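Worksheet: the structure to be examined is printed underneath.
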DNA sequence: TTGTACGCGTTATCAT
DNA sequence: ATGATAACGCGTACAA
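Protein chains in written order, with our numbering: chain A, 1 to 341; chain B, 1001 to 1341.
Structure representation (structure tokens):
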């Protein structure tokens, strides 16, 4: 297909009988321009359908107005909401959003970040598998590429982040189950290697359960992208001592778990209670509605962008921004069926 | 924050004691380089952490390797899946993905496209409110910006598109309801002004219902972004002659509708049957599982990117690519409760 | 008030 | 096999 070359400053200039400097001044609102000159230039611009070339601008000015985003996946609405928040704030600031997905694969994280650097994103917003031991983040630090972690909580003061307190979220989930009388608990979690959030939630969950003097919950680690194998659930939930309360490390996993339990003939919350995490919208639409530890996903995306902007423009120091999560009740969380012990 | 300037060809060249031309040749794999020279250059590159500046490349070469994407929203998983497909194909081709959302607002469509042109996306993939009368598309045509419509079916041969047959999808939805014995039907649709897909699905639905000699279905137009007002549903579904079968123009709307009906004391499928469209994953997880006319969303995104690439690189003529949709059964679709007439 | 000219980082042409 | 240099589109310091 033939693609007509886009008009440049030069084209506008020659049509308006002025120099490219004058066109540039009109474009950037530099004051000292004679009104009739400006009119001629503007006429030429719209006649040619001129749009400034962002690449030329950025090359000249040495700074870009695009933010690179790296997330595990868009299949989980919590990440899609993050993007919506980033997108909203970026549009307001006149910035472009470059998006990439890692599919929970550390190798792809590195690839994607490479691509974002080559595209000269001014800064990055990213959710990585594990922020504690991450080659990709070290690279970014070494090369002084500014970034803000999203969801990953860093214990390093030099790494900016926006996240909820995932450990506390895990404890809150445990409390919610325990306060309903549940004593035999379990957790269905995304693979720890692919998600330090999942691991933190698990740690908090275990701590609270242990603190309450209850037996250690079973742990079922699941791939984020796969379906849950029926055999996995059967082994964990059809024993005599089967758990009556389950915490799932995210809502999508919770919905899959509930579906899996149903296939096993177990009803929620009649036989088992389930609480998820994220607070995705569909959780509120289904029956039983999904109890969850809700995160302000869109706001988290917004804040991540705003903090990145502050770091870039106002030289703000890296902050670890912790946003509040919130217990959201739902019908999936009920009283323990047969109070024991 | 201090951002160290990234090393350039010049930095690498002086460190390796060669000219920038030689570094460029190494970078681009031009053959005639002495092995030891190449080794020196590569050493300098990795020592400095050099990454080529994509902006400079694109400015020089006059062509960009980024695709601009405009979608109504990411809150609907069908669009998130589109992005995943685009992203997948783009990564394979070494392209970047610039993403924007219109929130179903034609004004924002124009804004976003403007921004994408300024960023010099080589081509665009977009879902617009109405492709038939759309200022934005006319602008793109006038300025010869290559694009591929996604979901929008164009009747113009010069406009490339990837979509399912939305009219047929509407007919199929009607058939599915009718074959279960339903005779009083209704449709819950996203606002026609914001979605020509919704309008086409409605047209097909109406045609099939009329063809079957059934009374004209009620139409309930809903904002995509809002909740469904209880009063709206009450008026439509609590009359004596209330419909027993409902087609919702997308799955998210269907889940909202089912939740609204539940609040009214109507159970699905006991009192009312519901069929949606899109085939989103969560529809299969909930109970009742959601019957739907499924679209291959990820594949549609993939194909849209590949066709755009073909148009750009191989001068392929614009194609109207129609992908198959598929009826997906679900428990939300049951027999009519009280066979009438 | 407007024009000239340089340089941002890269690739490609032309010399050497 | 390698180097010098011109261009890509833009912003701006300096000149007029």
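Each residue gets a CB set at the ideal place from its N, CA and C atoms; glycine is no exception.
Just so it is clear, the structure is predicted and the values come from calculations on it, not from any experiment.
The Cβ-Cβ distance between residue 1281 of chain B and residue 262 of chain A does not fall below 8 Å. In this structure, residue 1087 of chain B sits away from residue 1334 of chain B, with a CB-CB distance that is not shorter than 8 Å. Residue 1196 of chain B sits in a helix when the DSSP states are folded into three classes.
One thing to note: residue 82 of chain A has its Cβ no nearer than 8 Å to the Cβ of residue 149 of chain A. Residue nearest to residue 1105 of chain B within the set B/1071, B/1084 and B/1094 is B/1071 (criterion: CA-CA distance).
When C-beta atoms of the region 1266 to 1276 of chain B are compared with those of the region 1043 to 1050 of chain B, fewer than three pairs fall below 8 Å, so the two segments do not count as touching.
Per DSSP, residue 184 of chain A lies in no alpha helix (DSSP H) segment and is marked neither H nor E.
Counting every other CB atom within 10 Å of its CB across the protein chains shown gives residue 142 of chain A a total below 16, marking it as exposed. Residue 1098 of chain B and residue 1058 of chain B have their C-alpha atoms roughly 15 Å apart.
Using a CB distance below 8 Å, the part of the region 54 to 85 of chain A facing chain B consists of 54, 55, 56, 58, 59, 62, 64, 66, 73, 74, 75, 77, 80, 81, 83 and 84, ordered along the chain. With distances taken between CA atoms, residue 299 of chain A lies nearest to A/321 out of A/312, A/22 and A/321. The way I'd put it, the region 1157 to 1173 of chain B doesn't touch the region 1223 to 1236 of chain B; fewer than three beta-carbon pairs between them come closer than 8 Å.
Against residue 1248 of chain B, chain A offers no close residue; the least beta-carbon distance is about 12 Å (beta-carbon pairs closer than 8 Å). In summary, no residue of the region 1025 to 1045 of chain B has a CB separated from any CB of chain A by less than 8 Å. No Cβ-Cβ contact shorter than 8 Å links residue 1209 of chain B with residue 1249 of chain B. Between residue 1285 of chain B and chain A, the shortest Cβ-Cβ separation is below 8 Å. Proximity of residue 295 of chain A to chain B, defined by a Cβ-Cβ separation below 8 Å, is not satisfied. Considering only A/11, A/237, A/122 and A/330, the residue with the shortest C-alpha distance to residue 176 of chain A is A/330. Ranked by Cα distance from residue 172 of chain A, the first of A/318, A/23 and A/291 is A/291. Taking CB atoms only, residue 328 of chain A has no neighbour in chain B less than 8 Å away. Check the Cα spacing between residue 65 of chain A and each of A/230, A/313 and A/231: the tightest is with A/313. Counting every other CB atom within 10 Å of its CB across the protein chains shown gives residue 120 of chain A a total of 16 or more, marking it as buried. For a Cβ distance threshold of 8 Å, residue set 282, 285 and 286 of chain A lies close to residue 1255 of chain B, ordered along the chain. Around residue 260 of chain A, the same chain offers 228 and 233 as residues with beta carbons nearer than 6 Å, after the five sequence neighbours per side are excluded.
With a threshold of 8 Å between beta carbons, residue 1049 of chain B makes contact with chain A.
Interface residue (Cβ-Cβ distance to chain A less than 8 Å): residue 1156 of chain B is not classified as such.
Beta-bridge analysis with DSSP links residue 1293 of chain B to B/1277 and B/1327. Annotated three-state conformation of residue 1164 of chain B is coil, per DSSP. Flagged as an interface residue toward chain B: residue 142 of chain A, by a C-beta distance shorter than 8 Å. Taking the Cα positions, residue 44 of chain A is about 33 Å away from residue 1310 of chain B. Around residue 98 of chain A, the beta-carbon contacts reaching into chain B at under 9 Å are 1066, 1096, 1097, 1098 and 1099. Between residue 220 of chain A and chain B, the shortest Cβ-Cβ separation is not below 8 Å.
With a minimum length of 3 residues, the unbroken runs of beta strand (DSSP E) contained wholly in the region 1095 to 1148 of chain B fall at 1096 to 1101 and 1123 to 1126. Distance between residue 9 of chain A and residue 1093 of chain B, taken at the CA atoms: about 31 Å. Taking 4 residues as the minimum length, the alpha helix (DSSP H) runs contained wholly in the region 1029 to 1087 of chain B are 1035 to 1048 and 1054 to 1061, in order along the chain.
Nearest to residue 289 of chain A by alpha-carbon distance, out of A/305, A/316, A/328 and A/131, is A/328.
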